[in-house]
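Everything below concerns the one structure shown next.
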Amino acid sequence: MFVTIMQACLIVMAVCLLVMLGAVILTKDELSRAVMADMIFYGMIAIFLVWTLFNSSAIAYEIPILAGLVCGVIPTISMARIISRGRR
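Numbering of the sequence shown is given in numbering that gives the first Met the number 0, commencing with residue 0 and proceeding in unit increments.
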């Protein structure tokens with residue numbers, strides 16, 4: 000039962016990622032693209048975390064922790080650069 004629920008969750012997350020990818024391709028606004036790219040990144044991390052429930056790995060939880068730390072700083076900097084149009 001648990002495996003079936005987790006597989007359904009993986010399918011829903013994959014469909015959401017595909018929809019978000021399509022939205023990134025179709026939008027023209029740079030700020031919206033940056034926000035959607037962050038959403039895609041977090042979705043991929045969520046899929047990885049669900050995948051680790053099925054497959055054991057030595058660094059299963061270090062990757063999302065590092066991604067969370069890095070993804071807290073880099074999108075803020077990139078979004079600031081997009082809003083200011085590259086001016087310092």
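Where is the CB? At the ideal position from N, CA and C, for every residue including glycine.
Just so it is clear, the structure is predicted and the values come from calculations on it, not from any experiment.
From the DSSP output, in three-state form, read off D28 for me. coil
With the cut-off set at 7 Å, would you say M43 and M19 are in Cβ contact? no
Own chain partners of M12 with C-beta closer than 7 Å, once the 5 adjacent residues on each side are dropped: G42, A45 and I46
Inter-residue CB distance, S77 and A22 (contact presumed, cutoff 8 Å): Wrong, their Cβ atoms sit about 18 Å apart, outside the cutoff.
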